[in-house]
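UniProt numbering applies: residue 1 is where the sequence shown begins, and numbers increase by one.
Glycine included, each C-beta is placed from N, C-alpha and C at the ideal position.
Structure record follows, encoded as structure tokens.
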Amino acid sequence: MDSMATTVPDTHNSPPPNPNLNSPEQFTNGPPSNGTDSSNNNNNELSENPGKCYDELFPALPGSCLDGAPTPTVNGSKSIAGSWGMIALPAAKSLPALRAINKTEFFTIASEERRLKDTPSATKFGGTVDGDQVSNQEKKVVHGIGNKTDTSIELSVSKMDRGLTVVINGNPKSVLEAKKQITKELVREAQTDMVIPKEHHRHVLGVKAQKLRTLEQETGTKITVPRTEENSEIISIKGPKEGTAQAAHRIQALSDDLARNDREELDVEKKYHVFIYGPNSKTLESIRQQTGAKIRVPSLTVKEDQKITIAGEKDAVAKAKEMIANLYKECKANIKDTSIQVPKEQHKYILGRGGQTLQDMFEKTGVWIEVPPQESDSQTITLFGETNKLGKALSLVFEKAHSAKKVEVSAPTWLYKHLIGKKGENINRIRKNKDTHVEFSDQSIKIEGASDSVDQVCRQLQEEIDDIMTRLTSVELHAPPSYHPHIIGKNGANVNRLKNDLNVKIHIPSANDETNPDVITIEGEPQDVAKAKQELEEMIDKLRNEHTRELRCESRLHGQIIGQGGEKISEIRKRFNQVNISFPLAAKNLDMITIRGDRRDVDECYAYLAGLVKDLQRTQYKLDVPLFRQFVRFLQSPKGRSILSSIQQETGAKVQLPKDGVSGTSGGSEQVSVIAEKDKAEKARALLLEQQRKNADVVEKEVFISSKLHGTLQRYKRALLQSILEEAGCSISEVDVEFPAPGSNSDRCLISGPKDMVNRAKARLEQAARKELEAMITELENQTQDKMIIPAKYHKHFIARRAEVLSHILEESDVQVSFPKSSSGSEEVTLKGPKDSVAEVKQRLLEITKELDNQITMNCVIPQAHHRAVMGAKGVHVQGITREFGVHIKFPEKQQTPVSASGEEGSKELPDGDISADVSEAVRNTIVITGSPDKCRAAKAALEALVPVTEEVSVDAKLHRFIIGQKGKDVRELMDKYEVNIKVPQATEGLDIVRVTGPAQNVARCRVELDERIKNLLEEEEDRKLRSFSLNIKVPAKHHSKIVGRKGAVVTKLRADYNVQIQFPAKNERGATEGGYDDEAAGGGDVITVTGYEQNVCAACDEIHRFVEELENMVTRAIKLDHRIHSRIIGQRGRNVRKFMDEFKVEIKFPRPDAEDPDLVEIVGAEDNVENAVQHLKNLEDELMEYVTEEKAYQRPQKQTLNNIFQSSSVGDTGGTRQGFVVTGAPWSQSQNSSQNQAVPDSASQSDFPSFGAKAGQNGSGVAWGPRR
């Protein structure tokens, strides 16, 4: 075998041939070959020695050989290849082979860039260069890269230019990595040094050098930037020649762009930043608009940052710096501060929604009011401003602080929906024209707002509560969720009856409701609620005593069990004490029968029905027989019925013919069902097929159809022929029509099939042929030809744009219009078609010609910069205007060549250069509209309405990311919805302006939605602040697992009930505390943090404290239960013990398998509950011990595994030499002439037992069970 493996061809991506390769030397590095060819391919007879057959122990793998190659065959049977050669296997259906999807990529390295090509050789004549061959060094490098990346790499050298072509095949990621390494090792590097100012280096690097890495990947180069501490401005670029040039160009372009801009920083005291912002950021925005500079003022919440950054053009930066410095100087001279104490709960009234009240007071008084953060406990509010304005601001602060009141009203939670009303109409009616906020919580109704409004709302709410309580009441029932479907009834029959009869509302929790899954609520008038409660309780008691079993029975046998009119099933119900037997709907075709009732009655009924079903399955065996459709119809005739009756009498089987219009198959046959015992059904099937052969009725007749119609009848898969045969009452599957060969010009056709169908088909085909010929003659008589004159200058209007105008005229007529060639100079147009249609089309053409005579040309001047926006995507706007107004619109070219005064293009000079520039600009901005005067004016107005305008929307910089959305999704939706362009400034710019560009009407609508979104975002931000209230409570670490609950059930319910976040300490902190550390650091392991709305956090903390008190009051009792019954008490996946713990409200702890006392069980809970649980467990132990003693004598049969076979084979040898486990017919024994002395195979040998999918370099084949290459 050759030392170098061949490359497996990739059928997915094969590279195109290189035209420069003329008999090149090729070097291929591919995966190692899959073993060697086997010289011994004999199929020796299997040994007579008793043992297990190889084909049974190691069945053949389905599928084909490696890379989709067909499975080799041996004597007509399929075979597999392994380490022992070809092994014949029985022929079987092959499964489709799975192929890896590989990628092939090739590229060329120029001769002068080859780093490792051969040097001139003195041994060759003339000392020529060996660069026209792949060098040994290149082969060695490529071989290593191929093995490392698991790819196939081919190298070839062109004799024309000595360029090295590299072809890489393999996984896409591996191909990319291999290409990168080859470029690094084989391509000669070029180096370029650039002098770039030191301050520009950080822009070349980007954030965390990400920009530099991207540039290196795109250009395939290595770029070295000096460190910050190095006093060097030289950036070095190494890599391929083309890549280094591209990288140098991009770096130089970036440096040139940065050189045109400036950047300044001002150090301003933090307390004066707000005056630079101004009310609602108006002062800062004014400076930005006046100077055009980008100004970043740190957020007011960041206390440490005092630097204000100004960026932009140099003049703009200097002007903005001067204006801010003057403003800062004024503030330092005039601004004073004073502080007042305001209760913490009144701060929100001073702030207002989103801090807007604060901004309004700032604008009104010129005084800034600093309110401490929500998370701070400080009550001090500080005012900054001029001395003469502080008094007015203080008055406003006290007025806002005392402008609200807060009251709570108690009411049951089931009343909330009545108080709120449908879509909030009741609560909105109460709150109408009153500045109040009403919040419905689990404990009470909270009302907040102006004092007089709060009193009125409180009074009205109390009146509503009293009124509802006098009319309605609510009760709760407890029923397991498994009872809910039966309480609801089929399609809600039971619960709807109660609702309608008693006029009550019944709420049954849904299947996914985890809060109160077993609570059923009834609401309504007291007497009606009492009746509904009584009926539901009776229903629940009945369901508790019911048992359900399911029996599988074929749906076709359900009718036999039910009987005619339900007689049989009624007798069965009477026999078994009126058990409920439910059959599935016939349309669903389900097999399950449900029996529900008392346990003993259900078991007896189940046994009876099971025997009945078994008997029916034996006597009602069903066999489907496919018969020709004509024979089925024959069986339905009097003669056929007598034959059918004789078959039924002879076999005792029941034969069911298909119903009219129902076909059992898609062809010309139908399914006939035979029902009887199996042997009788087979006999009836044979008799039916025999009768079909005897009564077959097939004839053949000739029919003459004009050869001109043959193509029409056979077109579109004989669709017309199928239609004609269906009109005759037959189809192509029943009657065959044979046409003569094309080009024979013969009219003779043959029809074959059942005699009656052939006669009908022949008559219908002859009739259709006559009608078609008559229609062709009539059409020829009705045709006419006319001519008209249309000026040649208008011909283009009709035939331009794929004859759009002409197609529109002719879309409802059968007229052909022929225009003369443009080179002929003729103006004569020919019309051909029906007489009436030709006259109409001619009149329409004359009208259009008259309109063209009256057309004018109108200019619409729009700056060329807006032409693309006016045209729309792919010209959609212009196309719409053209269709709507019936005009022609022509836009100017992007660049117009100036025309000289003499009218010659390309003239170098004009009499007046300024006039030439103006004329050229006017031409570029002019859009030409052609059409009737009124339509041109309307089209011009429509075009001008599409000219984009730009509006600026003030949006706080911190909200920009919410406007943009995830990966720009939200801003793209806005732009697509309103067909505008929205430009959001970069985060580094610190600007609060968002620019919206587009048609004026679209911009206005977009701005409305933007304002609405900003309003909602500010409201959400305020809500987030309210939700950030946090409280720490100290709970012993031993109780944390109880508060969390199983799979987090308890803490999840707490979070859901109180809408809070509950954070537990880390496990290592809890462990330190439980281990007994007393220092302060370990104390953090007992702290639970609760975060959310303040009132919800307090309520959740109270609930946790109550829960901890219950845990502290629990007792623990240890009892002994036989460890052999522990698994029965626990149940599958703990189902039984969880049910037990829920019922008795205790916790049961079972010992570990390695415990000293395996019988010791601990029960934790309230004292009474523990006593009840202990008593029940003792009783349960007595019952379960009986099962344990009975199971001792029972031994589970051992499974037949390969290990058991080995053991049984070795143990069974009672005498003689022990041979071990012997396999007959194995590949390793086929090479031996005798099968008497078999050697025991070595299971550790890779050759005897090759691994599946061994990697290259290991012993054995690279592909499991595949043929060796």
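- Just measuring C-alpha positions, the residue of K417, A450, E1019, D455 sitting nearest I465 is K417.
- For the 8 Å CB-CB criterion, V142 and I182 form a contact.
- H866 places its beta carbon less than 8 Å from that of P948.
- D1011 carries a helical assignment under DSSP once its states are collapsed to helix, strand and coil.
- If the five residues before and after D598 are omitted, its C-beta is found closer than 8 Å to the C-beta atoms of N545, E546, H547, N577, V579, all from its own chain and listed in chain order.
- Going by DSSP, L155 is part of the beta strand (DSSP E) stretching over 152-157.
- With fewer than 16 other Cβ atoms from the protein chains shown falling within 10 Å of its own Cβ, V195 counts as exposed.
- With a beta-carbon spacing of about 5 Å, K294 and A311 fall inside the 8 Å limit used to define contacts.
- According to DSSP, residue pairing for W368 in a beta bridge involves F384.
- DSSP, read as helix, strand or coil, puts L657 in coil.
- In the structure shown, A676 adopts extended strand secondary structure according to DSSP, grouped into three states.
- Taking one beta carbon from each stretch, the stretch 944-962 and the stretch 972-992 have 3 or more pairs nearer than 8 Å; the two touch.
- Annotation for S642: the continuous alpha helix (DSSP H) segment containing it runs 638-651.
- Taking the CA atoms as reference points, A939 sits about 8 Å from I929.
- In this chain, the beta strand (DSSP E) harbouring M194 covers 190-195.
- When DSSP assignments are scanned along the UniProt domain "K Homology" (545-614), the uninterrupted stretches of beta strand (DSSP E) that are 3 or more residues long and fall wholly within it turn out to be 547-552, 580-582, 592-597.
- Bounds of the alpha helix (DSSP H) holding H484 are 484-488.
- When the alpha-carbon of S932 is set against those of A941, G880, K796, D853, the nearest one is in D853.
- In the three-state DSSP reduction, M858 falls in the strand class (E or B).
- Closest in C-alpha terms to L750, from the list Y606, K701, E1171, comes K701.
- Taking the C-beta atoms as reference points, R115 is found nearer than 8 Å to V187.
- Straight-line measurement puts the Cα of E951 at about 16 Å from the Cα of I963.
- Measuring C-alpha to C-alpha distances from D756 to each of D747, C730, K771 identifies C730 as the nearest.
- Per DSSP, the continuous beta strand (DSSP E) segment holding M788 begins and ends at 783-789.
- The residue from S744, R844, K499 with its alpha-carbon nearest to that of K708 is S744.
- Here the C-alpha atom of V1164 lies approximately 39 Å from the C-alpha atom of I445.
- Annotation for P480: D518 place their beta carbon closer than 8 Å to its own, counting only its chain and skipping 5 residues before and after.
- The three-state secondary structure of S236, taken from DSSP, is strand.
- Counting along the chain, the unbroken beta strand (DSSP E) around N169 starts and ends at 164-170.
- Listed as beta-bridge partners of F106 by DSSP are V167.
- V928 sits in a strand when the DSSP states are folded into three classes.
- According to the DSSP assignment, R431 belongs to no beta strand (DSSP E) but to the alpha helix (DSSP H) extending over 425-431.
- A check of alpha carbon separations from E313 across K1139, T291, N326, M323 identifies T291 as the nearest.
- Per the Cβ contact rule, the stretch 197-208 is in contact with the stretch 217-226 (3 or more Cβ pairs under 8 Å).
- Q864: not part of any beta strand (DSSP E); DSSP gives it neither H nor E.
- Counting only unbroken stretches of 4 or more residues, the alpha helix (DSSP H) elements lying wholly within the stretch 390-430 are 416-420, in sequence order.
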